[in-house]
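A.B. asks:
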Amino acid sequence: MIVNRHSSVEPRIHTDAVPQQRGPAADRVRIARLPIHFFAVAVAFFALAVVAAPWVVGDLIDYFYQPLVLALTHTITLGWITAAMMGVMYRYVPALTKRPLRFPRLALLQLWLFVVGVMGMVAHFVIGYWIATWLAAAVVVVSVALFALNMLLCLAPAGRRGVAETGMLLAVLYLLVAAILGLLLAVDKTFGFLHGSVITNLAGHAHLAALGWVSLTICAVSYRMVPAFLLPEIELPRAATWQLYGLAVSVAGLAIVLLGGIGGAAIWSTAILLALLTYVAVLGSLVRKRRMPIDWTMRHALAGVVSLVLAAGLGLSLMLIGAGSAVGSRVAGAYGVVGLLGWVTNFIVGMSYKLFPGFIAGLRETAGWPKLAITELSLPRYRPFVFFSLNVGVLALTIGLIAAQATLARFGTIIIALGGLLYVSVMAWSLSYAYRPSVPRTAGDPLRILPGGPSRP
Ligand code: HEM
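Numbering (our numbering), first residue to last: 204 to 660.
#1: Ordered along the chain, which non-local residues of its own chain (more than five positions away) have a Cβ less than 6 Å from that of residue 599?
#2: For residue 439, which of helix, strand or coil comes out of DSSP?
#3: Is the Cβ-Cβ distance between residue 629 and residue 585 less than 8 Å?
#4: Please state the DSSP three-state secondary structure of residue 581.
#5: Could you pull the start and end residues of the alpha helix (DSSP H) that residue 615 belongs to?
#6: Regarding residue 695 and ligand 1, is the C-beta to nearest heavy atom distance less than 7 Å?
#7: Between residue 382 and residue 321, which are expected to be in contact by the criterion C-beta below 8 Å, what is the C-beta distance as a whole number of angstroms?
#8: Shortest alpha-carbon distance to residue 592 belongs to which of 229, 548, 452 and 334?
#9: Between which two residues does the alpha helix (DSSP H) containing residue 258 stretch?
#10: Consult DSSP for residue 515 and reduce its assignment to one of helix, strand or coil.
#11: Residues in the same chain with beta-carbon distance under 8 Å from residue 481, minus the five sequence neighbours each way, listed in chain order, please.
#12: How big is the Cα-Cα spacing for residue 453 and residue 573?
#13: With hydrogens ignored, establish whether the beta-carbon of residue 396 is closer than 7 Å to any heavy atom of ligand 1.
#14: Note down, one range per segment and in chain order, each alpha helix (DSSP H) of at least 4 residues found wholly within the region 411 to 480.
#15: What did DSSP end up calling residue 218 once you bin it into helix, strand or coil?
#16: Under 8 Å between the Cβ atoms of residue 235 and residue 566?
#17: What does the Cβ neighbour count give for residue 587, buried or exposed, with the cut at 16 atoms within 10 Å?
#18: Drop a sphere of 10 angstroms on the beta-carbon of residue 301, count the other beta-carbons inside from all chains shown, and report buried for 16 or more, exposed for fewer.
#19: Let's see if you can read the secondary structure: which residues bound the alpha helix (DSSP H) around residue 327?
#20: What's the call for residue 416, buried or exposed, on a 16-neighbour Cβ count within 10 Å?
#21: Around the Cβ of residue 557, are there at least 16 other Cβ atoms within 10 angstroms (buried) or fewer (exposed)?
#22: I want to know whether the region 399 to 414 touches the region 457 to 477 - three or more CB-CB distances under 8 Å.
#23: Please go through the same chain and pick out, in chain order, the residues whose beta-carbon is closer than 6 Å to the beta-carbon of residue 467, but skip the five residues on each side of it.
#24: Over the uninterrupted alpha helix (DSSP H) stretch that includes residue 396, give me the two end residues.
#25: What distance in whole Å lies between the Cβ atoms of residue 295 and residue 237, which are believed to be in contact at a cut-off of 8 Å?
#26: For residue 411, which residues of its own chain have a beta-carbon under 8 Å away from its beta-carbon, when the five flanking residues on both sides are left out?
#27: Among 519, 506 and 358, which has the Cα closest to the Cα of residue 470?
#28: Would you say the beta carbon of residue 323 comes nearer than 7 Å to a heavy atom of ligand 1?
#29: Residue 495: buried (16+ other C-beta within 10 angstroms of its C-beta) or exposed?
#30: Measure the C-alpha to C-alpha separation of residue 543 and residue 497 and round it to an integer number of angstroms.
#31: From which residue to which residue does the alpha helix (DSSP H) around residue 297 run?
#32: Among the candidates 404, 250, 330 and 504, whose CA atom is the shortest distance from the CA of residue 270?
#33: Consider the C-beta atom of residue 549 and the heavy atoms of ligand 1; say whether any pair is separated by less than 7 Å.
#34: Once the 5 residues before and after residue 336 are set aside, which same chain residues still bring their CB inside 7 Å of it?
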């Protein structure tokens, strides 16, 4: 059992001391705002994705490998998911490793390259112009390399590395490999130098990115966050460490057999399935031991875990039927939806409720602006609608895809869009207080209680 005591939930999450960057106060504010810029970008891409989805779902029912589907996939995987995860890691990796970012100015350049590169990729996937797609992909690869440089300089030095840090270290390496492979797949469309089938190469890239980067990060982060939300101390069974290593090794195994066109995909897929089920079991044991109530963050995390089990089931059936047939192609689409929207998006939405108001409150303190409490930066009354529309929408979309029911699938995307746009508006409202010193109207009460005492005379 790995045990790490902490005194209360919110302080533990938000005051994991970030080592002070050297330099003037303006630089410290710039660095504190970095995760918020990334999350603002993520939320904007999420809005674009949910608005576009009802127009793309028809193509997804026909066949999963199409220009608009590629564009929507990367709006979600890079624009929304990767940007949000980078934002969280810029805040938590220096805090967990007690090492400041080595190149904080590069991180801002990285953000701009990321935004320009992802927009370029998405736009050129839509029009199907491969030369511009791989030029934009090259910009994303440079951006990912800069991100990896800053992260690895914090995570790689020897020393006592916790389970979360180890998982994130491996995940960043997977992101780099997946991005380079994505670039090669795009360049190959112009010069045709890769061997093997397009679909297995595609599957190699998609699994390195979705399992090696995204899922490994989520497992690592949730081993840190979930106990902090539910228990008085961070208490993890040893199985958590083995689960992370098992997942990391089996993703590498699967990618090698897919890309090398050799047998053994079923063995590695089964190993991945076992690693993911172990993660579900570890989270289940934490939830059973909980001392704190289940809130909307935890409801999203639990809905995410249910989706993960569903995605594993769909992945297993895909292994048996293959993605080549009409039904196999639709199951592949459903597998992507349940994985990226059901599992990953639920997790990010839930965590964002707890993390980003805290980041904004911290930034305002660093900037010397009027202090705001985390509750003053949140609008919890909208959370039930976001939760139900995301999950009902994902269910309708999944069933619609598998059963080739276009109306049901489109209905699912519209429900997701309604909840998604409400979530985006609420987050935009919260994030705006990282860019302006004013306070919400509801925070005008002179008798309100703030952490650390009154902020204004
Ligand atoms: C990091 C930079 C990335 C680059 C440069 C990139 C590039 C590409 C390219 C060029 C393709 C099409 C390949 C082909 O037609 O042969 C592709 C497909 C795909 N990528 Fe990425 N990608 C990146 C990140 C990601 C991430 C983070 C994920 C998932 C988390 C992801 C998931 C997928 C999926 C699922 C497909 C197949 C989509 C479909 O069949 O419609 N990619 N990627």
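C-beta atoms are modelled at their ideal positions from N, C-alpha and C, and glycine is treated no differently.
C.D. replies: Based on what the coordinates show:
#1: Excluding sequence neighbours, residue 599 sits near 611, 614 and 615.
#2: strand
#3: yes
#4: coil
#5: From DSSP, the alpha helix (DSSP H) with residue 615 extends over 609 to 635.
#6: No statement about residue 695 is possible, as the shown extent of the chain runs from 204 to 660 and does not include it.
#7: About 11 Å separates the two Cβ atoms, so there is no contact after all.
#8: Restricting attention to 229, 548, 452 and 334, the CA atom closest to the CA of residue 592 is found in 548.
#9: 228 to 265
#10: helix
#11: 442, 445, 446 and 449
#12: 49 Å
#13: Not so, every heavy atom of ligand 1 lies at least 7 Å from the Cβ.
#14: 419 to 433 and 442 to 463
#15: The predicted model places residue 218 with a pLDDT of 44, which falls under 50 and marks its position as unreliable, so this point remains unresolved.
#16: Yes, Cβ-Cβ distance for residue 235 and residue 566 is below 8 Å.
#17: exposed
#18: exposed
#19: 307 to 330
#20: Buried is the call here.
#21: Residue 557 is buried by the Cβ-count criterion.
#22: yes
#23: In the same chain as residue 467, and ignoring 5 residues on each side of it, the C-beta atoms closer than 6 Å to its own belong to 460, in chain order.
#24: That residue, residue 396, is in no alpha helix (DSSP H); it is neither H nor E in DSSP.
#25: The Cβ separation is near 12 Å, so there is no contact.
#26: 377, 380, 381, 384, 454 and 458
#27: 519
#28: no
#29: Residue 495 counts as exposed, since fewer than 16 other C-beta atoms from the protein chains shown sit within 10 angstroms of its C-beta.
#30: 23 Å
#31: Looking at the DSSP string, the run of the alpha helix (DSSP H) that includes residue 297 is 286 to 300.
#32: 330
#33: no
#34: 324, 327, 328 and 389
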